[in-house]
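Taken in order, the sequence shown gives residues 24 to 385; the numbers are from the working numbering.
For glycine and all other residues, C-beta sits at the position ideal for the given N, C-alpha and C.
The structure appears below as structure tokens.
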Amino acid sequence: MRSLIDITDFSVAELDALLQTACDISEHPEKYWDACAHKKLATLFFEPSTRTRLSFEAAMLELGGSVLGFSEAGSSSAAKGESVADTAKTVSNYADIIAMRHPKEGAPYVASKAATVPVINAGDGGHCHPTQTLADLLTIYRENGRLHDLTIGCCGDLKYGRTVHSLLAAMTRYENIKIVLISPEELQLPGYMKYEVLEKNGMSYVETTSLEEAIPELDVLYMTRIQRERFDDPAVYERLKDSYILTVDKLKDAKADMRILHPLPRVNEISVKVDNDPRAAYFRQALNGKYMRMALILKLLDEAAKGAQMEEEQNVVVNELRCENPRCITSTEQELDHTFKCVDAEKGIYRCIYCEAKKQKN
Ligand code: CP
Numbered sequence: 024m025r026s027l028i029d030i031t032d033f034s035v036a037e038l039d040a041l042l043q044t045a046c047d048i049s050e051h052p053e054k055y056w057d058a059c060a061h062k063k064l065a066t067l068f069f070e071p072s073t074r075t076r077l078s079f080e081a082a083m084l085e086l087g088g089s090v091l092g093f094s095e096a097g098s099s100s101a102a103k104g105e106s107v108a109d110t111a112k113t114v115s116n117y118a119d120i121i122a123m124r125h126p127k128e129g130a131p132y133v134a135s136k137a138a139t140v141p142v143i144n145a146g147d148g149g150h151c152h153p154t155q156t157l158a159d160l161l162t163i164y165r166e167n168g169r170l171h172d173l174t175i176g177c178c179g180d181l182k183y184g185r186t187v188h189s190l191l192a193a194m195t196r197y198e199n200i201k202i203v204l205i206s207p208e209e210l211q212l213p214g215y216m217k218y219e220v221l222e223k224n225g226m227s228y229v230e231t232t233s234l235e236e237a238i239p240e241l242d243v244l245y246m247t248r249i250q251r252e253r254f255d256d257p258a259v260y261e262r263l264k265d266s267y268i269l270t271v272d273k274l275k276d277a278k279a280d281m282r283i284l285h286p287l288p289r290v291n292e293i294s295v296k297v298d299n300d301p302r303a304a305y306f307r308q309a310l311n312g313k314y315m316r317m318a319l320i321l322k323l324l325d326e327a328a329k330g331a332q333m334e335e336e337q338n339v340v341v342n343e344l345r346c347e348n349p350r351c352i353t354s355t356e357q358e359l360d361h362t363f364k365c366v367d368a369e370k371g372i373y374r375c376i377y378c379e380a381k382k383q384k385n
């Protein structure tokens, strides 16, 4: 069954086709009113959400389908200890497609292996958020007019910011993209993202702590929230939470056609006064998320009808290594196989298939 777990599950051609479908939906919504008649989307949200869950639900309703699901783990049988796999198998009996958000990294992947319907990763811990990236790509395409020849600044929590991780993975596929990573030292992009996603794909990037210094060269400024829920130590969150606040004053040095994106929700990293600036694209970005999720639902249901399958993972070892990432789904679901994929045979480097934590194997 074809699912969307990571943005790189889709080729550039597939991403381009989704962008074209989303544009057509926004211009001719009436063409799609019955496209998913009698189909059901289950939204299984084990973590809070406004945009992702409601835009998925609006997307399915506007395609003529129906929605069911839950918006917190406490109102599902997860509260009684039911596993992600059992939940996915059960819900496959009631729905044609599943969108899942979960605090544990790799949970939607586990669901996709157990479900008999397509599963969409709607955000897994600090790992990735591919449908936010779909919204981001459509926004950059519409606002900047291209997905190539861009300097993109990512600002804020780059360590736990799953939206940034997925966006960077997607942008490696486009020509002449320069990345400026703007974060406090403690919240820098993880090493595996820098070396295995950016450097291996020949992507040019610089790191800085200064938003003011970076802003004049940017075509896109991607602001992110410092996420209270990802910190083990509240004192560290308190120290870092106001690291970056985008104000009208700071925008004076920005290009006239720069666009400001933010996956939202914001806390106070963008002053509300910036909302009136035509460069502020974040609420249009939230609308684009609905169009892209409509296009995605259409694609995955169409592929399910044709019997499309996910590619099997290659070069894996099962239960020879153990994942020690406390945020990995293997930390709570004890019966899952600890499965690692070889990413560098010469150096013996392996990555957990659920959360991408690194292990050395001799
Ligand atoms: N961007 C995003 O994921 O927002 P929500 O948490 O409100 O879904």
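Contacting residues, own chain, Cβ-Cβ under 6 angstroms from residue i (five flanking each side not counted)
{"i": "T186", "result": "H152, Q155, P286"}
{"i": "S115", "result": "A138, T139, V140"}
{"i": "S78", "result": "G312, K313, R316"}
{"i": "I48", "result": "Y55, Y314, M317"}
{"i": "A192", "result": "I30, T31, V220"}
{"i": "A60", "result": "G87"}
{"i": "Y218", "result": "none"}
Between the CA atoms of residue j and residue i - distance to the nearest angstrom
{"i": "E208", "j": "P131", "result": "30 angstroms"}
{"i": "E336", "j": "K364", "result": "8 angstroms"}
{"i": "N224", "j": "G97", "result": "41 angstroms"}
{"i": "I20", "j": "G176", "result": "The shown model of the chain, from 24 to 385, leaves out residue 20, and the question about it has no answer."}
{"i": "A122", "j": "C351", "result": "19 angstroms"}
{"i": "V220", "j": "D119", "result": "33 angstroms"}
{"i": "S26", "j": "K264", "result": "35 angstroms"}
{"i": "A158", "j": "T44", "result": "13 angstroms"}
{"i": "E85", "j": "T231", "result": "43 angstroms"}
{"i": "H150", "j": "D256", "result": "19 angstroms"}
{"i": "H171", "j": "L190", "result": "13 angstroms"}
{"i": "E29", "j": "N144", "result": "Glu is not the amino acid found at residue 29; the sequence shown has Asp there. So the two alpha carbons sit approximately 7 angstroms from each other."}
{"i": "P163", "j": "S100", "result": "Here residue 163 turns out to be Ile, not Pro, going by the sequence shown. About 39 angstroms."}
{"i": "C378", "j": "H188", "result": "12 angstroms"}
{"i": "V295", "j": "L67", "result": "32 angstroms"}
Where residue i falls, given that 16 or more other Cβ within 10 Å makes a residue buried
{"i": "Q383", "result": "exposed"}
{"i": "Q308", "result": "buried"}
{"i": "A65", "result": "buried"}
{"i": "D109", "result": "exposed"}
{"i": "V88", "result": "Checking the sequence, you will find Gly at residue 88 rather than Val. Answer is buried; the Cβ neighbour count reaches 16."}
{"i": "E2", "result": "Outside the displayed span of the chain (24 to 385) sits residue 2, for which this structure offers no information."}
{"i": "G330", "result": "exposed"}
{"i": "F306", "result": "exposed"}
{"i": "V203", "result": "buried"}
{"i": "T73", "result": "exposed"}
{"i": "T270", "result": "exposed"}
{"i": "V35", "result": "exposed"}
{"i": "G214", "result": "exposed"}
{"i": "S94", "result": "buried"}
{"i": "E222", "result": "exposed"}
{"i": "V107", "result": "buried"}
{"i": "S135", "result": "buried"}
{"i": "E50", "result": "exposed"}
{"i": "Y373", "result": "buried"}
{"i": "K275", "result": "exposed"}
{"i": "G168", "result": "exposed"}
Neighbourhood of residue i by C-beta distance below 7 angstroms, restricted to the same chain and skipping five residues each side
{"i": "N338", "result": "K364, C365"}
{"i": "T362", "result": "V339, V341, I376"}
{"i": "N385", "result": "G371"}
Test item: CB-CB of residue i and residue j under 7 angstroms
{"i": "R248", "j": "E292", "result": "yes"}
{"i": "L241", "j": "S206", "result": "no"}
{"i": "G104", "j": "E128", "result": "no"}
{"i": "E166", "j": "R282", "result": "yes"}
{"i": "V297", "j": "A304", "result": "no"}
{"i": "Y228", "j": "L284", "result": "no"}
{"i": "Y183", "j": "R124", "result": "no"}
{"i": "T353", "j": "L344", "result": "no"}
Close beta carbons around residue i, own chain, < 8 angstroms, minus the five adjacent residues each side
{"i": "K322", "result": "E37, A40, L41, T44"}
{"i": "L289", "result": "One point to set straight first is that residue 289 is Arg, not Leu, in the sequence displayed. Closer than 8 angstroms at Cβ, skipping near neighbours: M246, R248, Y305."}
Heavy atom of ligand 3 within 6 angstroms of residue i beta-carbon
{"i": "D280", "result": "Ligands present in the displayed structure are limited to ligand 1, and ligand 3 is not among them."}
What does the shell around ligand 1 hold, if a residue joins when its beta-carbon is under 7 angstroms from any heavy atom?
P71, S72, T73, R74, T75, R76, G146, H152, Q155, T186, P286, L287, P288
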